[in-house]
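Q: In my numbering, the protein residues as written are 110 to 248.
Here a beta-carbon is modelled for each residue, glycine too, at the ideal position from N, C-alpha and C.
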Amino acid sequence: MTLPATRRTVLLATGGAAAAFATGCGEYGNEDDSSSEQSPKASAGQELAKTTDIPVGGGKIFAEEKVVVTQPAKGDFKAFSAVCTHQGCTVGSVADGIIHCPCHKSEFRIADGSVAGGPATKPLPAQQITVEGGAIKLT
Numbered sequence: 110m111t112l113p114a115t116r117r118t119v120l121l122a123t124g125g126a127a128a129a130f131a132t133g134c135g136e137y138g139n140e141d142d143s144s145s146e147q148s149p150k151a152s153a154g155q156e157l158a159k160t161t162d163i164p165v166g167g168g169k170i171f172a173e174e175k176v177v178v179t180q181p182a183k184g185d186f187k188a189f190s191a192v193c194t195h196q197g198c199t200v201g202s203v204a205d206g207i208i209h210c211p212c213h214k215s216e217f218r219i220a221d222g223s224v225a226g227g228p229a230t231k232p233l234p235a236q237q238i239t240v241e242g243g244a245i246k247l248t
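1. Let me make sure I understand the geometry here. Which of ASP185, THR230, GLU174 has the alpha-carbon closest to that of LYS214?
2. How far does the beta strand (DSSP E) with HIS213 in it extend, from its first residue to its last?
3. On the premise that LEU233 lies in contact with SER202, defined as a C-beta separation below 8 Å, what is that separation, rounded to the nearest angstrom?
4. Is SER148 helix, strand or coil by DSSP?
5. Are there any heavy atoms of the ligand GDP lying less than 7 Å away from the beta-carbon of LEU157, as far as the coordinates show?
6. In whole angstroms, what is the alpha-carbon distance linking GLN237 and VAL178?
7. Can the beta-carbon of ILE91 be found closer than 8 Å to that of VAL192?
8. Thinking C-beta only, is ALA235 closer than 8 Å to GLY249?
9. THR196 to VAL176, Cα distance in whole Å?
10. Should ALA204 be labelled buried (16 or more other beta-carbon atoms within 10 Å of its own) or exposed?
11. Which first and last residues belong to the beta strand (DSSP E) in which THR194 is found?
12. Starting from LEU247 and walking both ways along the beta strand (DSSP E), at which residues does that stretch end?
The structure is reproduced here in structure tokens:
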């Protein structure tokens, strides 16, 4: 004899599937993932941009290289991983002093990569760059 499913059993079954997804079975990995996707794809010494390409108070995303370069103040250039620390999406835009991730709306400050808004809880890792003769290069 088969008993009909109760609301309780349906909720328990679907809740378990949702919990499994939320704990790291998602498409983008999880926040503690330290896979190679977190590191930049660009090679050392590669020129990313001219200094004139990076707006003051903004930045530019180099998706292929997985790097975002910002200019928080005139002549002050910073670089960070373009891989969101929440679930591994590539950040999508830089505006008004904030780096935005399109996947879950995490936000990071252009001056230091720190979290300006969650769900991310970890800052974007800094990347090493040099600025020489108007060119920005990875080091």
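A: In brief:
1. Comparing alpha-carbon positions, the option among ASP185, THR230, GLU174 lying closest to LYS214 turns out to be THR230.
2. HIS213: not part of any beta strand (DSSP E); DSSP gives it neither H nor E.
3. Between SER202 and LEU233, the beta carbon gap of about 14 Å keeps them out of contact (Cβ cut-off 8 Å).
4. Bear in mind that the predicted position of SER148 carries a pLDDT of just 42, short of 50, making it unreliable; the figure below should be weighed with that in mind. DSSP places SER148 in coil when its eight states are reduced to three.
5. Judged by which ligands are present, the structure shown has none, so any question about the ligand GDP falls away.
6. Note on geometry: alpha-carbon atoms of GLN237 and VAL178 lie some 10 Å from one another.
7. Since the first residue of the chain shown is 110 and the last is 248, residue 91 is not available in this structure.
8. Any property of residue 249 remains undetermined from this structure, which presents the chain solely from 110 to 248.
9. The question names Thr, but residue 196 is Gln in the sequence shown. The alpha-carbon atoms of GLN196 and VAL176 are separated by roughly 16 Å.
10. Exposed is the call here.
11. Unbroken run through THR194: none, as it is neither H nor E.
12. Taken as a continuous stretch (DSSP letters only), the beta strand (DSSP E) holding LEU247 covers 244-247.
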